[in-house]
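Novice: So the sequences go chain by chain: A and B. Sequential numbering from 1 applies to the first sequence in the numbering used here. Sequential numbering from 1 applies to the second sequence in the numbering used here. Quick one: the structure is below, questions incoming.
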Amino acid sequence: MGSDMLTLEKRLLAGAAAALSILAAANSIVNAHAEHYPGTTPSAVTPSAVSALAAEIEHEDDHVTAVELAQWIRQRKPGLRVLDVRSDPEYQAYHIPSAERLPLTALAALAPTDGETLVLYSEGGAHAAQGWVLLRASGHRRVYFLRGGLLDWMDDVMSPALPNDSSRATVAALSRYFGGVPRAGAVPLPTSSATAATAVARVRRRGC
Amino acid sequence: MIAPFTEFGLLGPRGALVAAFAIGIAFGACLERSGLGSARKLMGQFDLTDLAVFKVMFSAIVTAMLGLFWLSRLGLLDVQKVYLPDTFLLPQLLGGALFGVGFALAGLCPGTSCVAAATGRVDGVAVMLGMFAGVLATGAALPWLQRLYLATARGGLTLPRLLGMPEGVVILVVVGVALTAFGFTARIERRAAMSSRTSDNGV
Numbered sequence: 001m002g003s004d005m006l007t008l009e010k011r012l013l014a015g016a017a018a019a020l021s022i023l024a025a026a027n028s029i030v031n032a033h034a035e036h037y038p039g040t041t042p043s044a045v046t047p048s049a050v051s052a053l054a055a056e057i058e059h060e061d062d063h064v065t066a067v068e069l070a071q072w073i074r075q076r077k078p079g080l081r082v083l084d085v086r087s088d089p090e091y092q093a094y095h096i097p098s099a100e101r102l103p104l105t106a107l108a109a110l111a112p113t114d115g116e117t118l119v120l121y122s123e124g125g126a127h128a129a130q131g132w133v134l135l136r137a138s139g140h141r142r143v144y145f146l147r148g149g150l151l152d153w154m155d156d157v158m159s160p161a162l163p164n165d166s167s168r169a170t171v172a173a174l175s176r177y178f179g180g181v182p183r184a185g186a187v188p189l190p191t192s193s194a195t196a197a198t199a200v201a202r203v204r205r206r207g208c
Numbered sequence: 001m002i003a004p005f006t007e008f009g010l011l012g013p014r015g016a017l018v019a020a021f022a023i024g025i026a027f028g029a030c031l032e033r034s035g036l037g038s039a040r041k042l043m044g045q046f047d048l049t050d051l052a053v054f055k056v057m058f059s060a061i062v063t064a065m066l067g068l069f070w071l072s073r074l075g076l077l078d079v080q081k082v083y084l085p086d087t088f089l090l091p092q093l094l095g096g097a098l099f100g101v102g103f104a105l106a107g108l109c110p111g112t113s114c115v116a117a118a119t120g121r122v123d124g125v126a127v128m129l130g131m132f133a134g135v136l137a138t139g140a141a142l143p144w145l146q147r148l149y150l151a152t153a154r155g156g157l158t159l160p161r162l163l164g165m166p167e168g169v170v171i172l173v174v175v176g177v178a179l180t181a182f183g184f185t186a187r188i189e190r191r192a193a194m195s196s197r198t199s200d201n202g203v
C-alpha cells in the first residue's frame, strides 16, 4: 500500500514536469514565431529618415570599438546579440565568443525586439556597416557595428599592445578572458602573483 | 517582489549570509535524512545498485530549470540577474575529471562529506580535511596555474545559445531525457535488488 502511494506520487510529479515542459516549449515556439512574423511591415525609408541616419553616422553613434564590445560581452550586457555576417567557413574557423552567424541576406527576416542590442561585425567593417544601415532603416533602434571588424578585434582584444598606464591590468585581464595573449615588453604574466591574483579574482567573482 | 532578492536589495549582504546559513542547514539535514551522508549509499552509484544520487541531481536540475523558466515568464524573477558562471572548457573538463576521481575514491562529494563529518563519521572528516588541503594548495599554486585557469574561455554559455534552440524546446528535451532516465534507473535498481535476493537465498 505504502509503495503504491509512493509510485502514485512519483507519477504525479513526473506528469507535472512533463506538462510544464510541454507548455514551456509551446510558449517559446509561439514567442519565436511572433518575432519572425510581426504584424506590422517596415515602412519605406523616407528622406527625413535618411537624413536622421546620416546624422547618426556623422556623430559616430553607429559603431563600437573592439574593446567596448569585449567589455559588453564580459559584463553580459542585457539583451546583447553579436552577429557575424561573414561566410559559414569563416565563422567556423573563428568567431567572437557568443556571436551568432547571420548572413546579410537574412537581416531582413530579423524583426526588432524590445531590449535587444545588436552588434554586427565582418572581416574589416564594410559589410557590417552596410548591414547597420539596412537594420536601422528597417526599424531596429539599438544597432552597432564593430569598427575595424575582426581585424581590430584581433589587434585590440586578442593580442593587445599593453599601455604603460593604469589601464594596463584591465586591458590584459580583458584579453585573457577571451583567451588572448597581450603583447609587448614586460607583460604582467603569471610570475607576478599580485596581477595574477587580480585577474583571477575577477574571474571567480562568485563561485557555487 | 522580484527575485533574485540580493540583486534587488531586498536582502543585504548580512541577510544573504543568514539565508545561506539556513538553506545550508536545511540542505544538510535533507542529505542526512535521505541517507546520502553515507559513502555506502553513494558507492551504490558506481556498482549500479542504488542510483539515488543520479536521481537527486537530475530531479534538482528539472525542478530548477522549470522553476526559473516559469518564474521569469510570470515576471517574478529577472533571469538576466541570476549569476551565470563563465565557461572555461579545458580547465573545467580537467577539474570535473579530478572531482570525479575524488568522488569515486572517497565515496563522498563536498556536500555529503560535511554531512558525514557532522554526524561523526571519520571518513567524512578525512574527506573534508583533504578538501581544505586541496583548496589551499590550489590557491597557493594559482600564479603557476593561471594560464590553464583562464584558458579556452567561452563566456557565459547556456544550452539554448549553444544549440541555437528556443529555451522551452531545450527544457522539453531535458525533461524528456530525465523522465526516460528515471524509468531506466527504476528498472536497473529492481534488477539489482532481485539478483541480490536470489544470491542471498543461494547462500
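Positions of the beta carbon are idealized from the N, C-alpha and C atoms, including for glycine. Predicted model only: the values in this text are computed from it and were never measured.
Is there a Cβ from chain B that is less than 8 Å from the Cβ of Y121 (chain A)?
Specialist: Here residue 121 (chain A) refers to the residue found at position 121 when the first sequence is read from its first residue. No, no contact with chain B.
Novice: Can you tell me the Cα-Cα spacing of I57 (chain A) and L174 (chain A), whole angstroms?
Specialist: Counting from 1 along the first sequence, the entry for residue 57 (chain A) is found at position 57. Counting from 1 along the first sequence, the entry for residue 174 (chain A) is found at position 174. So the alpha carbons of these two residues sit roughly 28 Å apart.
Novice: Can a CB atom of chain A be found closer than 8 Å to the CB of E167 (chain B)?
Specialist: As a position in the second sequence, residue 167 (chain B) is number 167, starting the count at 1. True, the Cβ-Cβ gap to chain A drops below 8 Å.
Novice: Can you tell me whether P47 (chain A) sits near the ligand HEM, meaning its C-beta is under 7 Å from at least one heavy atom of the ligand?
Specialist: Absent from the structure shown: the ligand HEM. Ligands present: none.
Novice: Would DSSP call F145 (chain A) helix, strand or coil?
Specialist: As a first step, residue 145 (chain A) must be located in the first sequence, where it is residue number 145. Note: F145 (chain A) maps to strand in three-state DSSP.
Novice: Work out the CA separation of I188 (chain B) and S34 (chain B) for me, nearest whole Å.
Specialist: Residue mapping note: residue 34 (chain B) aligns to position 34 of the second sequence, counting from 1. Residue mapping note: residue 188 (chain B) aligns to position 188 of the second sequence, counting from 1. So the alpha carbons of these two residues sit roughly 20 Å apart.
Novice: Would you call the segment 135 to 147 of chain B and the segment 62 to 75 of chain B touching, i.e. three or more CB-CB distances under 8 Å?
Specialist: no
Novice: Assuming the contact rule is C-beta atoms closer than 8 Å, V175 (chain B) and S21 (chain A) should be a hit. Round their C-beta distance to whole Å, please.
Specialist: For this step, residue 175 (chain B) is matched to residue 175 along the second sequence. For this step, residue 21 (chain A) is matched to residue 21 along the first sequence. That pair is a contact at about 4 Å.
Novice: When you compare the CB positions of F46 (chain B) and A104 (chain B), do they come within less than 8 Å of one another, or not?
Specialist: As a first step, residue 46 (chain B) is located in the second sequence; it is residue number 46 there, counting from the start. As a first step, residue 104 (chain B) is located in the second sequence; it is residue number 104 there, counting from the start. Going by beta carbons, F46 (chain B) and A104 (chain B) fall inside the 8 Å limit.
Novice: Express the C-alpha separation of L10 (chain B) and A181 (chain B) in angstroms, rounding to a whole number.
Specialist: In the second sequence, residue 181 (chain B) corresponds to position 181, counting from 1. In the second sequence, residue 10 (chain B) corresponds to position 10, counting from 1. Roughly 39 Å between the two C-alpha positions.
Novice: Output the distance between the C-alpha atoms of D86 (chain B) and M194 (chain B), rounded to the nearest integer angstrom.
Specialist: Sequence index remark: in the second sequence, residue 86 (chain B) carries index 86 (1-based). Sequence index remark: in the second sequence, residue 194 (chain B) carries index 194 (1-based). Their Cα atoms are separated by approximately 45 Å.
Novice: Check whether the Cβ atoms of I73 (chain A) and V64 (chain A) lie closer than 8 Å to each other.
Specialist: Start at 1 with the first residue of the first sequence, and residue 73 (chain A) comes out as number 73. Start at 1 with the first residue of the first sequence, and residue 64 (chain A) comes out as number 64. Against a cut-off of 8 Å, the Cβ pair of V64 (chain A) and I73 (chain A) comes out as no contact.
Novice: Distance check for P97 (chain A) and S159 (chain A), CA to CA, integer angstroms please.
Specialist: Position 159 of the first sequence holds residue 159 (chain A). Position 97 of the first sequence holds residue 97 (chain A). Their backbone Cα atoms lie some 15 Å apart in a straight line.
Novice: Could you tell me which uninterrupted alpha helix (DSSP H) segments, each at least 4 residues in length, are contained entirely in the segment 22 to 105 of chain A, listed from first to last along the chain?
Specialist: 47 to 58, 66 to 74 and 88 to 93
Novice: Compare the C-beta of A70 (chain A) against all C-beta atoms of chain B and say whether one is closer than 8 Å.
Specialist: Walking along the first sequence from the start, residue 70 (chain A) turns up at place 70. By this cut-off, A70 (chain A) is not an interface position.
Novice: So within the segment 16 to 57 of chain B, which uninterrupted alpha helix (DSSP H) runs reach at least 4 residues, ignoring any that extend past its ends?
Specialist: 39 to 43
Novice: Taking 8 Å as the threshold (C-beta atoms), are P112 (chain A) and G131 (chain A) in contact?
Specialist: Taking the first residue of the first sequence as 1, we reach residue 131 (chain A) at position 131. Taking the first residue of the first sequence as 1, we reach residue 112 (chain A) at position 112. For G131 (chain A) and P112 (chain A), no; Cβs fall outside 8 Å.
Novice: Using a Cβ cut-off of 9 Å, pull out every chain B residue sitting near Y266 (chain A), in sequence order please.
Specialist: With chain A covering only 1 through 208, there is no way to say anything about residue 266 (chain A).
Novice: Leaving out five residues before and five after E7 (chain B) in sequence, what residues of the same chain have Cβ atoms less than 6 Å from its Cβ?
Specialist: Taking the second sequence and counting its residues from 1, one reaches residue 7 (chain B) at position 7. The residues are K81.
Novice: Beta-carbon separation of T49 (chain B) and L90 (chain B) under 8 Å?
Specialist: Position 49 of the second sequence, counted from the start, is the residue given in the question as residue 49 (chain B). Position 90 of the second sequence, counted from the start, is the residue given in the question as residue 90 (chain B). The answer is no: Cβ separation not under 8 Å.
Novice: Identify whether V173 (chain B) lies in helix, strand or coil by the three-state DSSP scheme.
Specialist: Within the second sequence, the letter at position 173 stands for residue 173 (chain B). Correct three-state label for V173 (chain B): helix.
Novice: What is the C-beta distance between G156 (chain B) and R76 (chain A), in whole angstroms, given that I count them as a contact (C-beta under 8 Å)?
Specialist: What you label residue 156 (chain B) is simply residue 156 of the second sequence in a count that begins at 1. What you label residue 76 (chain A) is simply residue 76 of the first sequence in a count that begins at 1. Right, their Cβ atoms sit about 6 Å apart.
Novice: I believe L120 (chain A) touches A128 (chain A) by the beta-carbon criterion, under 8 Å. Please report the beta-carbon distance rounded to the nearest angstrom.
Specialist: Counted from its first residue, the first sequence places residue 120 (chain A) at position 120. Counted from its first residue, the first sequence places residue 128 (chain A) at position 128. Confirmed, about 4 Å.
Novice: Taking 8 Å as the threshold (beta carbon to beta carbon), is L83 (chain A) in contact with chain B?
Specialist: The sequence position of residue 83 (chain A) within the first sequence is 83, counting from 1. Cβ-Cβ to chain B under 8 Å: no for L83 (chain A).
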